[in-house]
Amino acid sequence: MTYKLLIGQRIYSSWSLRGWLPFVVHDIPVTVQDTLIYGDAFYDDVVSFGGHRTVPAVITPEGAILTDSLSIVWHLANAFPDRGMLPADKIANAKAINMMSEMHSGFTALRSACPMNLATAWNGFAPDEAVRGDLARIDELWTDALAQSQGPFLFGEYGLADAYFAPVAIRIAGYDLPMSDTSRAYVTAQLTHPAIQQWQEDGLSNDTELGQYEMPLTRKPFPKR
Numbered sequence: 339m340t341y342k343l344l345i346g347q348r349i350y351s352s353w354s355l356r357g358w359l360p361f362v363v364h365d366i367p368v369t370v371q372d373t374l375i376y377g378d379a380f381y382d383d384v385v386s387f388g389g390h391r392t393v394p395a396v397i398t399p400e401g402a403i404l405t406d407s408l409s410i411v412w413h414l415a416n417a418f419p420d421r422g423m424l425p426a427d428k429i430a431n432a433k434a435i436n437m438m439s440e441m442h443s444g445f446t447a448l449r450s451a452c453p454m455n456l457a458t459a460w461n462g463f464a465p466d467e468a469v470r471g472d473l474a475r476i477d478e479l480w481t482d483a484l485a486q487s488q489g490p491f492l493f494g495e496y497g498l499a500d501a502y503f504a505p506v507a508i509r510i511a512g513y514d515l516p517m518s519d520t521s522r523a524y525v526t527a528q529l530t531h532p533a534i535q536q537w538q539e540d541g542l543s544n545d546t547e548l549g550q551y552e553m554p555l556t557r558k559p560f561p562k563r
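This note's numbering applies: residue 339 is where the sequence shown begins, and numbers increase by one.
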């Protein structure tokens, strides 16, 4: 019962990371196929996964095709209810789903201004009002969840909500964005998780840096944890 997962470049593709993490963290058998988002073979690769032209994409063991990270993780939570991907408590469960939904559809200012990049960090980024607004809302969501769970992750053990906010933690570290002490501790917990470290190591070993992700800022090493 093995899934097939198509992902883009690890150092850049935040949505691929969200789709990949639940398989690794929750020990779900998967065969991973890499594609280059701006590469010549990208179209042929996505056609074999339903042709939606986005990553991640999944083919289930039964042959169903999932072409969005939210549908992927929701399917996995339903297919493996004993893996603890979502909180068992009804209120916490609803809160986790709401947080994931906000991440899926929102925080566009942060996502646009601060592309994920695990190959480098940047000096001198100054968040504008829209980015600061996104950060304030994220900080509110994180601190509220962590106050209830007592950490280190949003709902205790590493779950789908954490997978969804992992690329945000990477952005906060890479652009040195202002957050509360509680949220900064959560960023550290994310970056030191073995799955995140594996993802980064694989990306640095296999991916080529792309000019599309260059910033008009001074480079510095990505924070080591």
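Even glycine gets a Cβ: it sits at the ideal position worked out from N, Cα and C.
Proximity of residue i and residue j at Cβ, strictly below 8 Å
{"i": "Y341", "j": "L548", "result": "no"}
{"i": "M437", "j": "A507", "result": "no"}
{"i": "L343", "j": "V370", "result": "yes"}
{"i": "A504", "j": "I534", "result": "yes"}
{"i": "A511", "j": "A459", "result": "yes"}
{"i": "I366", "j": "L424", "result": "no"}
{"i": "R348", "j": "D540", "result": "yes"}
{"i": "M339", "j": "P399", "result": "yes"}
Residues near residue i by beta carbon distance below 7 Å, same chain, minus five either side
{"i": "D372", "result": "I345"}
{"i": "S351", "result": "I345, I375, V393"}
{"i": "I410", "result": "G357, P394, V396, L404"}
{"i": "N583", "result": "No information on residue 583 is available, as it lies outside the stretch 339 to 563 that the chain covers here."}
{"i": "Y551", "result": "Y350, P453, N455"}
{"i": "H390", "result": "V384, T405"}
{"i": "G388", "result": "A395, I403, T405"}
{"i": "G494", "result": "S487"}
{"i": "D353", "result": "Checking the sequence shown, residue 353 turns out to be Trp, not Asp. Cβ within range, chain order: V393, P394, S407."}
{"i": "L359", "result": "A501, A504, A533"}
{"i": "A379", "result": "T373"}
Among the options, nearest to residue i - alpha-carbon criterion
{"i": "F560", "options": "L542, T546, Q550, P554", "result": "L542"}
{"i": "L448", "options": "P516, D378, P554, W537", "result": "P516"}
{"i": "F491", "options": "I403, G471, V525, D382", "result": "V525"}
{"i": "N652", "options": "V411, W537, H364", "result": "Given a span of 339 to 563 for the chain in the structure shown, any question on residue 652 remains unanswerable."}
{"i": "P453", "options": "Y513, G444, W412", "result": "Y513"}
{"i": "R581", "options": "F445, G489, L479, A457", "result": "Absent from the model: residue 581. The displayed extent of the chain is 339 to 563, so no value can be given."}
{"i": "E440", "options": "W480, F380, T546, G489", "result": "W480"}
{"i": "M553", "options": "A468, N416, A451, K562", "result": "A451"}
{"i": "F463", "options": "T546, G401, R509", "result": "R509"}
Own chain residues within Cβ distance below 8 Å of residue i, not counting five before or after
{"i": "H442", "result": "S407, L408, Y502"}
{"i": "D545", "result": "Q347, R348, I349, Y350, A457"}
One or two residues paired with residue i in a DSSP bridge
{"i": "Y285", "result": "This structure does not reach residue 285, given that the chain is present from 339 up to 563, and the question cannot be answered."}
{"i": "K558", "result": "A459"}
{"i": "V396", "result": "L343, L404"}
{"i": "F491", "result": "G494"}
6 Å Cβ shell around residue i - same chain, five flanking residues per side excluded
{"i": "Y496", "result": "V363"}
{"i": "I435", "result": "none"}
{"i": "E478", "result": "none"}
{"i": "V368", "result": "Y341, L343, F361"}
{"i": "A430", "result": "F493"}
* To do: For the stretch 508-522 and the stretch 467-485, state whether three or more C-beta atom pairs, one from each stretch, are separated by less than 8 Å.
  => yes
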